[in-house]
Each structure stands twice: as structure tokens, then as C-alpha cells.
Amino acid sequence: MFSEVWANALSKLAETTWDDLYLQAVVPPTIYWLYSSLFYVIDKYNLLPQYQIFLPNARPNAVSGSEVIWNVLEQQFCQLAASLLTAPFEKPNQPSYPQFYLTLKSWAENEAMSSSSPLVIALPWIVALAWHGARILGAMLVMDFWYFWAHYSAHANHWIYKRLHAHHHQLYRPKAYGASFNTLAETFIFETVGAILGSRVVGLTPKETLFFFTFSTLKGCDDHSGYDIPWNPISAWGRIAGVDIVHHNVHHQAWGMKYNYALFFNFWETILGCGYVGPRKLRLEDEKRMAKHMPKRMAEEMVVYLPSEGGKPPAWGPPTATTNFCEEDYHVTSYAAEFINTISNVGYVYFGLCGLFCNWRRRPFLDFNLQYLALVGVGIGSAMFHMTLKRSLQSADQLSMFFGAAIVLHRVVAFENERMKWPLGLFLIVGLSLIFYVQYALSQPVIHWTTFALMLFVIWRRVSRLIKTTVKSASEKNLLAKLGNLGFVSFVSGYGFWLVDVYCCSHLRAMRHTIGVPLEFVLEFHGWWHVLTGIGVYLYMVLVEYLHLASSSDKESLQITWSSILQTPVVTISQGGDSQK
Numbered sequence: 001m002f003s004e005v006w007a008n009a010l011s012k013l014a015e016t017t018w019d020d021l022y023l024q025a026v027v028p029p030t031i032y033w034l035y036s037s038l039f040y041v042i043d044k045y046n047l048l049p050q051y052q053i054f055l056p057n058a059r060p061n062a063v064s065g066s067e068v069i070w071n072v073l074e075q076q077f078c079q080l081a082a083s084l085l086t087a088p089f090e091k092p093n094q095p096s097y098p099q100f101y102l103t104l105k106s107w108a109e110n111e112a113m114s115s116s117s118p119l120v121i122a123l124p125w126i127v128a129l130a131w132h133g134a135r136i137l138g139a140m141l142v143m144d145f146w147y148f149w150a151h152y153s154a155h156a157n158h159w160i161y162k163r164l165h166a167h168h169h170q171l172y173r174p175k176a177y178g179a180s181f182n183t184l185a186e187t188f189i190f191e192t193v194g195a196i197l198g199s200r201v202v203g204l205t206p207k208e209t210l211f212f213f214t215f216s217t218l219k220g221c222d223d224h225s226g227y228d229i230p231w232n233p234i235s236a237w238g239r240i241a242g243v244d245i246v247h248h249n250v251h252h253q254a255w256g257m258k259y260n261y262a263l264f265f266n267f268w269e270t271i272l273g274c275g276y277v278g279p280r281k282l283r284l285e286d287e288k289r290m291a292k293h294m295p296k297r298m299a300e301e302m303v304v305y306l307p308s309e310g311g312k313p314p315a316w317g318p319p320t321a322t323t324n325f326c327e328e329d330y331h332v333t334s335y336a337a338e339f340i341n342t343i344s345n346v347g348y349v350y351f352g353l354c355g356l357f358c359n360w361r362r363r364p365f366l367d368f369n370l371q372y373l374a375l376v377g378v379g380i381g382s383a384m385f386h387m388t389l390k391r392s393l394q395s396a397d398q399l400s401m402f403f404g405a406a407i408v409l410h411r412v413v414a415f416e417n418e419r420m421k422w423p424l425g426l427f428l429i430v431g432l433s434l435i436f437y438v439q440y441a442l443s444q445p446v447i448h449w450t451t452f453a454l455m456l457f458v459i460w461r462r463v464s465r466l467i468k469t470t471v472k473s474a475s476e477k478n479l480l481a482k483l484g485n486l487g488f489v490s491f492v493s494g495y496g497f498w499l500v501d502v503y504c505c506s507h508l509r510a511m512r513h514t515i516g517v518p519l520e521f522v523l524e525f526h527g528w529w530h531v532l533t534g535i536g537v538y539l540y541m542v543l544v545e546y547l548h549l550a551s552s553s554d555k556e557s558l559q560i561t562w563s564s565i566l567q568t569p570v571v572t573i574s575q576g577g578d579s580q581k
């Protein structure tokens, strides 16, 4: 009776092939929060103090619990989005069994059919579990190899550590829900690539992969839980292999960071001699000695922070962004980390509002105004980022620039070609999303700036071509060409200021200290980048708007009002002798 029920349950489980790849994306993060929530409750109400491994007066973490949670949710959202996008193109590994396993399984089934012993009846399932267990163990070996050497390299190389792994070591006292408190690049390299390699090299089936991913998630949460509970089954593997909770928490201490890099096995640590062999407890005297020096150094390794001499206290808290610019932080006011870089965004907002004002009554509304709304969004997003230097707002700054440029690029490339609009729009959304993910994961904003520059270069070339091929009037063509050239020169100049700001920062800071306030503000070159790119982008928006109107309106009634270099050019349509903006 028992064997029939068990066989029926397993056969039903085997039939549930629905979207195993989607389950691999959804189940591990769900388990992550369920398991870590259990430890949160234990810690909150002090339910198992006898198993807590941390010292009573140990240093608190450098980040708050809410920052950790939001960071982990950000990592998991990116992983989930990538998994759901790639799942339809995956080809799951189908089970393929070697002959010796088939022979062994057939023998076990024959023995089970001719026996009444519960142990013999269970032989087929024991053989199956041993087979799947061996395959998952192989995947663990592959992932552990990848994880150990990536982790070891991150600590051995200061440049890698500063940009990739220091973020995680703000947790001096790890929490279960902080197991994936990483930079996006670290999550991708340490966890995602390692897990995928393990499953692909061994050739795990979808259900084996689901178990492997889930177990790896539970192991990570358990290692960071802070509770060495002897009867916890999730901790059993760590105790067997010598990589348990205490093993990993030694690594999170100031005195133990050069030890214990492994995840599933400790033989690499034995070979290299980097396994901790001291007392299996956290040492209070070492904590007190290191606490005087480590917090400041760890913070400096985490972010690029340029405090000014005699600077103001940061109203928004210390910077958490992975990029910073040459302006000294909180030099002028407590409410703006980079004062000039913040207020210089007023140009984006001003030009965007000029375009909205001139096109407010034109229909369809979004056809004429979406690009100007995006320009206002660029100004607001960039200002908020430079005002706070928070990593969460860093994305708002970068995405708004991509969005604004993509709208103009889409309009000029698909000009008078309706069939290209949807494919091109999809291509831009997917392509720019991937570029943004890569530069965010690698913490390399130069990828973002270079892509933005290339987009504007394509816009300039396309607009120049459209002016030559679609505009007939010589005077009109001359005016449009002047606007296009001015826009291009503005952007190139702004990009030059940006390069100087990035690569000659120490010289600029020395010059600013010499000349003092207020003339030093002239040498805040990233602010000039904002002003000049705002002018350039707006001019191309005006040109694109004019070309689109010219293709669908009476050209005799259409003109660009621009009487001087100091006036903001706008497109007007004359009706009955009047000029309608």
C-alpha cells in the first residue's frame, strides 16, 4: 500500500514539467525570504540565545536592515527578470542515464517486486536518490570551485575588492536576509554564473537544477544566520564538510577576512592554507582592537567619497553610489552632495519646459511632447542623484538619459517609415536594458556615457542627412544646419569637459583650492557637461520636431523662431498671418 502511494506521488511529480525553468527563477527567492524570516523572528524575540554565535557587544553593521533588504530585492528582481526573459529560449536537459544506472535500477525494481520487506521495496527510490544526489554533488563541486576562486581573487586584489566585494563586508554581524547583500556585479559573478556553470557542466535536469538552486540559497542564508543550531537539518552539510555557520562568520570578522572563502567544501582552503584553524569562537579582544580602525577603512573601500575640508554634515547620509565626480561632497550645503552638479541640471528642466510650452496644444499630445517630458525627467533624475549620491537614484539618473536619447533616436531612424517603428522600439528597449544591466553589474558608468555619446552621434548623422534630403529651401536648410552644428559642438564640448573632470580631477581640485569661492565653481566641469549636453539635446529635439511637422504640414506656414544665440529656438506654425506656437 505504501509503495503504491509513494509510486503514484512520484509519478505525479514527474509529470509536472510545466515551466520548470520558471520555477527555478521563482522558488529560490521565495525560499530565501521564508527561511530568513524565520531567523528574523528568532533574533527579534531572542528565542534561541544559547545558539547565537555573535558577541553581545560586537560592532553593529555599517548598513541598516532596510538598506540590506532593498539591496537584496534589487538583486533578486534583476535575476528574476533575466530568468524570465531567457526561459523561453532555454532547452532543458532531458534525463539521459548511463547503462550501469539502468541496469542497477532494473535490478532494484525486480527485487522490490518480489519482496515484502520495506527496505527492499524502497530500493528503487534509494538508487534513484543516490543517482540524483551524486549529480547534484557534482554540480556543488563545480560551483564551489568557481565560487572559491572568485571569492579568493576578490580579497587578493584590492581593485576588485573595492569595486566588487567590499559592499558585502559592511555586514560585520551577518543576517540571514543579508546573504545576497551584494553589488549586482558580485551577485552575477559569484552566485549566478557559478550556479549556472554547476548545473550546465553536470547537465542537471530541470528538477535537479531546481533542487540545486534552492539548496544553494538555503546554504547561503544559513551561513549568514548567526545561529549555530545543532538540530537544524539545513546546517547538516556544513558540519559534515567543515563549512558551517561559524566557518563563514569568522570570515565576516575584521580579523578573519583573509580566511574561509569556501561555500560547499574546504579542500581548496586546505591546499592554499587559507582556512582558519584558531578557536571556533569570535574573539572579543580582537574585535575591540580592530573596531578602532576598520569601519573608516571599510567605508572608504566601499564608495568613492570626496569630503571637502570643513565640509557640511551630509543630510542624506554618507554616499552609497558606485560613481562620484570631481566636485567635493557637501562643500556648500548639507542638502546637496554635489552643489554645482545638482543646480546645473536646471538647464535640462528649462529646455524641456520650453518645448512643452510650445507644444502644449498640439495633438496627439505625446507625439510632440514625450521627448520634452523625458528631458525634464533627465534633469530631475540627475539632480536627485547628485544631490544625494545614493545608489538607488544613480539608476534614475542613468535610465532617464537613455530614455530621453532613445525617444529622439527612434523618431529620426524611423522617420516616415511606419513599418520600422515597433521593431525599432523593441530593439532599443531590449538593447538599452541589456547595456544598462551590464554597466550596472560591472559598476562601470563609462559604458553608460559612451553609449549615450554614440546615440547622440547617430542622431546627429541622421538629422544631418534628413536636412539634406528633405529640406529644399536653401535659407531653411542653412538655418537647420546651423542649429544641428551648434548642437553637435555643444555636445562634443560637454563631453570634453566630462573627460577632463574624470581624468584630471586632482589638478582641478588643486586649482579650485587656489582661486577659491566663487570662481572655483567655473572649474566644476561636470556641471558644464550638464549645461552643454542639455543645449545639444534640446536643439536636436527641435530639429526632429520641425522635420516631422514639415512632413505632415504646410511647409510655408512652418518656421523655427531663433533670432539670436541667446534665444531658445522653437518651432512655430503660422496660421492666417499669425504665429502659433
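Just so we're aligned, residue 1 is where the sequence shown starts under full-length UniProt numbering, counting upward by one.
Where a beta carbon is used, it is the ideal one built from N, C-alpha and C, also for glycine.
For clarity, every value in this text was computed on a predicted model and none was experimentally measured.
Secondary structure of Q559, DSSP reduced to three states = It is a strand residue.
Discussion item. By alpha-carbon positions, which one of P29, G496, V246, D501 ends up nearest to T323?
Written reply: Minimum Cα-Cα distance from T323 among the listed residues P29, G496, V246, D501 corresponds to D501.
Label P445 either buried or exposed according to how many other C-beta atoms from any shown protein chain fall within 10 Å of its C-beta, with 16 as the threshold for buried. Flag for P445 reads buried.
Please confirm whether A405 and L456 have their CB atoms less than 8 Å apart.
The beta carbons of A405 and L456 sit closer together than 8 Å.
A81 versus Y437: straight-line alpha-carbon distance, rounded: When rounded, the distance between both Cα atoms is 11 Å.
- Query: Between L184 and T388, what straight-line distance do the alpha-carbon atoms span, to the nearest angstrom?
  - Reply: When only Cα atoms are considered, L184 and T388 end up about 20 Å apart.
**OP:** Quick one: residues in its chain with C-beta nearer than 6 Å to the C-beta of H386, no 5 flanking neighbours on either side, listed in chain order?
**Re:** Excluding sequence neighbours, H386 sits near E338, N341, T342.
task = Indicate the three-state DSSP secondary structure (helix, strand or coil) for residue 587 in the structure shown.
result = For the chain, the structure presents residues 1 to 581; residue 587 sits outside this window and is missing.
Sort out for me which residues DSSP pairs Y32 with in a bridge.
Under the DSSP definition of a beta bridge, Y32 lacks any partner.
To which residues of the same chain is R297 closer than 6 Å at the C-beta, ignoring the five residues directly before and after it?
-> With a pLDDT of only 37 at R297, under 50, the local geometry of the prediction cannot be trusted, and no value is derived from it.
Starting from the C-beta of W18, find all residues in its chain whose C-beta is less than 7 Å away, skip the five residues before and the five after it, and write them out in chain order. Unreliable positioning characterises W18 in this predicted model, as indicated by a pLDDT of 44, which lies under 50. A coordinate reading is not provided.
Note to self: So, under 8 Å CB-CB, I245 and I515 are touching, yes? Tell me the CB distance rounded to an integer number of Å.
What the structure shows: Here I245 is actually not in contact with I515; their C-beta atoms are around 57 Å apart, not less than 8 Å.
- Are three or more beta carbon pairs between the stretch 489 to 500 and the stretch 518 to 534 nearer than 8 Å? The stretch 489 to 500 vs the stretch 518 to 534: in contact.
- Task: Report yes or no: do three or more beta-carbon pairs, one from the stretch 479 to 487 and one from the stretch 428 to 437, lie closer than 8 Å?
- Result: In the pairwise beta carbon analysis, the stretch 479 to 487 is classified as not touching the stretch 428 to 437: fewer than three pairs are separated by under 8 Å.
Original post:
Considering only residues of the same chain and omitting the five flanking positions on each side of L370, which have a CB-CB separation below 7 Å?
Top reply: Its chain contains I407 as the residues whose beta carbon lies nearer than 7 Å to that of L370, once the 5 sequence neighbours on both sides are disregarded; these appear in chain order.
Kindly indicate which three-state DSSP category Q52 falls into: helix, strand or coil?
-> Of the three classes helix, strand and coil, the one that applies to Q52 here is strand, per DSSP.
* Distance, S66 Cα to L34 Cα -> For L34 and S66, the distance between alpha carbons rounds to 17 Å.
Beta-carbon proximity of V198 to A139, cut-off 8 Å: Reading the sequence as shown, one finds Gly at residue 198 and not Val. Yes, the Cβ-Cβ distance between G198 and A139 is below 8 Å.
**Prompt:** Nearest CA to the CA of W268: which residue from H252, G256, V250, A241?
**Reply:** Answer by Cα proximity: A241.
Beta-carbon proximity list for W146, same chain, < 6 Å, skipping 5 on both sides:
Contacts found: G194, L197.
(message) Within a Cβ cutoff of 6 Å, which residues of the same chain sit near L547, ignoring the five residues on either side of it in sequence?
(response) For L547, where only same-chain residues beyond five positions count, the Cβ hits under 6 Å are L466.
Alpha carbons only, please: which of Y261, L409, S475 is nearest the one belonging to F190? Cα-wise, what sits closest to F190 is Y261.
- In whole angstroms, what separates the C-alpha of N182 from that of I69? Using only the alpha carbons, I get a separation of about 11 Å.
Verify whether the separation of the beta carbon atoms of F213 and I136 is less than 8 Å. No, they are not a contact pair.
TODO: Keeping to the same chain, check which residues put their C-beta closer than 6 Å to that of L508; ignore five residues upstream and five downstream.
DONE: Result list for L508: C326, L523, in chain order.
Going along the chain, which residues of its own chain have a beta-carbon closer than 7 Å to the beta-carbon of M401, five neighbours each way excluded?
Hits under 7 Å: V378, F452.
Q. When you compare only the Cα positions, how much space is there between H468 and S382?
A. According to the sequence provided, residue 468 is Lys. The question's His does not apply to it. Rounded to whole angstroms, K468 to S382 spans 35 Å at the Cα level.
At which residues does the alpha helix (DSSP H) containing R200 begin and terminate?
Start and end: 194 to 202.
- Cross-strand partners of T333 (DSSP beta bridge): According to DSSP, which records beta bridges pairwise, T333 is partnered with A336.
Practice item. Measuring alpha carbon to alpha carbon, tell me which of R163, P28, W131 ends up nearest S180. Key: Ranking R163, P28, W131 by Cα distance to S180 puts P28 first.
key: Classification of Q50 by the beta-carbon crowding that lies within 10 angstroms, buried from 16 upward   = Answer is exposed; the Cβ neighbour count stays below 16.
- Item | Reference T270, options N249, F148, T320, K162, closest by Cα | The shortest Cα separation from T270 among N249, F148, T320, K162 belongs to F148.
Y227 (DSSP reduced to helix, strand or coil)
Residue state, collapsed to three classes: strand.
Quiz item: Going by the beta-carbon positions, is the gap between L428 and H410 smaller than 8 Å?
Solution: Remark: C-beta atoms of L428 and H410 approach each other more closely than 8 Å.
Review point. For H331, which of Y152, F357, P518 has the nearest alpha-carbon?
Key: Cα-wise, what sits closest to H331 is P518.
My understanding is that N232 touches P174, with C-beta atoms under 8 Å, so please give their C-beta distance in whole angstroms.
-> The C-beta distance from N232 to P174 rounds to 16 Å, too long to meet the 8 Å contact threshold.
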